[in-house]
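Participant: Under the numbering used here, the first residue of the sequence shown carries the number 2, and numbering increases by one thereafter. This is the structure I want to talk about, given as structure tokens.
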Amino acid sequence: MRVEKSVRIVNTEGLHARPSGALVTVASSYESELRIGCGDREVDGRSILGLITLGATCGSELRFLAAGPDGEALVDDLVRLVEA
2 MRVEKSVRIV NTEGLHARPS GALVTVASSY ESELRIGCGD REVDGRSILG
52 LITLGATCGS ELRFLAAGPD GEALVDDLVR LVEA
């Protein structure tokens with residue numbers, strides 16, 4: 002199953018090391034492949050360095066693209082995390 006959802010970053014500091022680490026921790030607990038995009042860039046959703054290099058600031062839109070058996074649950078969990 003392939004799932005794609007977008008969410009706006011509400012964290013005033015944007016997607017820096019700590020929230021990137023939290024996303025990777027959640028992503029690593031799922032089987033599905035994950036890509037995360039921002040603007041015209043897309044990176045491996047399990048790479049902290051890749052996520053930081055997106056340069057996503059407060060108000061930026063992140064795209065989560067998951068492919069695999071638990072993709073929908075993975076994307077839903079990531080959206081909730083970013084919205085929190």
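In this text, a Cβ means the ideal position worked out from N, Cα and C, and glycines have one as well.
For VAL8, which option in THR54, SER29 and LEU63 has the closest C-alpha, if you only look at C-alpha atoms?
Facilitator: Taking the sequence shown and counting its residues from 1, the one referred to as residue 8 is at position 7. For VAL8, the closest C-alpha among the options THR54, SER29 and LEU63 is that of LEU63.
Participant: Under a Cβ-count criterion, where at least 16 other Cβ atoms within 10 Å of its own Cβ denotes burial, should PRO70 be classed as buried or exposed?
Facilitator: Your numbering for residue 70 matches position 69 in the sequence shown. Result: exposed.
Participant: In this structure, what does DSSP give as the bridge partners for CYS39?
Facilitator: Counted from its first residue, the sequence shown places residue 39 at position 38. The partner list for CYS39 (beta bridge, DSSP) reads ARG42 and LEU63.
Participant: DSSP beta-bridge partners for GLU34?
Facilitator: Within the sequence shown, the letter at position 33 stands for residue 34. Partner(s): ALA68.
Participant: Got a sec? Which residues, its chain only, sit under 6 Å from GLY15 by beta carbon, not counting five neighbours each side?
Facilitator: In the sequence shown, the residue the question calls residue 15 occupies position 14. Same-chain partners within the cutoff: ALA57, THR58 and CYS59.
Participant: Thinking C-alpha only, which one of ALA74, LEU52 and ALA85 is nearest GLY22?
Facilitator: Residue mapping note: residue 22 aligns to position 21 of the sequence shown, counting from 1. Nearest C-alpha to GLY22: LEU52.
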